[in-house]
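One structure is given here, and the rest of the page talks about it.
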Amino acid sequence: MTTTPKIALVSGATQGLGLALVEGLVDRLGPADTVYLTGRDTERVAQAVEAMPGGGAQVRGEILDVADPEAASQLATRLKERHGGVDIVFNNAVMRVGPDDDPRAIVEAYAEVNNFGTTRVLRAFAPLLRDHGRLIVVASSLGTLHYLAPVLHDHFDRLASLDDVDKQVAAWRDAVKDGSARAGAWPGFVNIPSKIGQVAAVRTLARQRREDDTARGILLASACPGMMNTPTSALWWDVSTAPSPAHAAVALLDLALQPVKPSHYGELVRNGEVLPWAPSR
136 MTTTPKIALV
146 SGATQGLGLA
156 LVEGLVDRLG
166 PADTVYLTGR
176 DTERVAQAVE
186 AMPGGGAQVR
196 GEILDVADPE
206 AASQLATRLK
216 ERHGGVDIVF
226 NNAVMRVGPD
236 DDPRAIVEAY
246 AEVNNFGTTR
256 VLRAFAPLLR
266 DHGRLIVVAS
276 SLGTLHYLAP
286 VLHDHFDRLA
296 SLDDVDKQVA
306 AWRDAVKDGS
316 ARAGAWPGFV
326 NIPSKIGQVA
336 AVRTLARQRR
346 EDDTARGILL
356 ASACPGMMNT
366 PTSALWWDVS
376 TAPSPAHAAV
386 ALLDLALQPV
396 KPSHYGELVR
406 NGEVLPWAPS
416 R
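Counting in the working numbering, the sequence shown runs from 136 upward without gaps.
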């Protein structure tokens, strides 16, 4: 029986966790399979592809700037024309923030990449998933309602569509920009509402697709890689004993390559376990 070659894509893949995910996919997939290593900088994408070790799956570089409103849909169209669909997508592109950054100055670009970039990837690539496909959004354990004041829970809980998610993220972004968030219940650390918005986007799309995806063996989920030893994390915390990106990537690769657990569908998963979305009532 002929097996259709697998097609995988990783966004934000020129360094750190994204690069480790590509390396892991290359190692665990076969020579007939293809892994797309994507990023927004042409030179860095080319260098990352060139540095990939031989053996395993083929690696192809593509430019994907998720902050560009059209980039994800344009790349999805090209992959559909080339391959007919995709099997594994890791949405890993992220804009990082440092402790010295003024949230009002960076929140627009931050939301554009982390949140609107996420919903763009979901809209573009979820329809391309073949049977038994995986679409995993790299998020954080901070992306649950546990870290948000109860008065704000309705902003992200049980939204009807990705458009509604985008509207709520835009309202939060604007409140940070004009300073009104400081007078409200929003946390000062912009990473928290942003990650909650990412997880809410996955949950929202999963409610719409659950029946069909379940029948086709598709997994749509968000995943927390945990604390990693990276230069950006070191700006905030002591990460000297934290795992490397390569080590952190293992659990995410298992999620993408091992048989689907129905309990993972639409949820935030860390090391194979579902993190509760909301506090117990």
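Cβ coordinates follow ideal geometry from the N, Cα and C atoms, glycine included.
Item, Value
"Exposure label - H281; buried when at least 16 CB within 10 Å", "exposed"
"Proximity below 8 angstroms, CB of L152 to CB of A384", "yes"
"Proximity below 8 angstroms, CB of V161 to CB of A192", "yes"
"Span of the alpha helix (DSSP H), counted from its first residue to its last, around V229", "Note, V229: premise wrong, no alpha helix (DSSP H); not H, not E."
"Local Cβ density within 10 Å of G252, reported as buried at 16 or more and exposed below that", "buried"
"Of the residues A274, A350, P380 and V325, the one placed nearest A240, counting alpha carbons only", "V325"
"Identified DSSP bridge partners for E197", "T173"
"Coarse secondary structure for V395, derived from DSSP in three states", "coil"
"Buried/exposed call for V170, threshold 16 Cβ in 10 Å", "buried"
"Assigned secondary structure, L164 (DSSP; H/G/I helix, E/B strand, else coil)", "coil"
"L410 versus P378, G278, D292 and Y245, residue with shortest Cα-Cα distance", "G278"
"Simplified DSSP state of A383, which is helix, strand or coil", "helix"
"Own chain residues within Cβ distance below 7 angstroms of T249, not counting five before or after", "A quick correction: the sequence has Asn, not Thr, at residue 249. Hits under 7 angstroms: V229, M230, S329 and Q333."
"contact_flag[the region 251-270, the region 211-226] where n(CB pairs < 8 angstroms) is 3 or more", "yes"
"Cβ-Cβ distance between R317 and C359 below 8 angstroms", "no"
"Cβ distance (whole Å) where A381 is taken to contact A155 below 8 angstroms", "4 angstroms"
"Stretch-stretch touch, CB-based, cutoff 8 angstroms, three pairs: the region 388-400 with the region 307-314", "no"
"Residues that DSSP places opposite R405 in a beta bridge", "E408"
"Given 8 angstroms, three or more beta-carbon pairs between the region 287-299 and the region 330-349", "yes"
"Cβ distance (whole Å) where N226 is taken to contact A148 below 8 angstroms", "In fact, because the Cβ distance is near 11 angstroms, the residues do not count as touching under 8 angstroms."
"Completely contained alpha helix (DSSP H) runs for the region 229-289, where each covers 4 or more residues", "238-249 and 251-260"
"A377 (DSSP reduced to helix, strand or coil)", "coil"
"Inter-residue spacing [alpha-carbon to alpha-carbon] between W412 and E402", "8 angstroms"
"Residue environment, S398, which counts as buried when at least 16 other CB atoms sit within 10 Å", "exposed"
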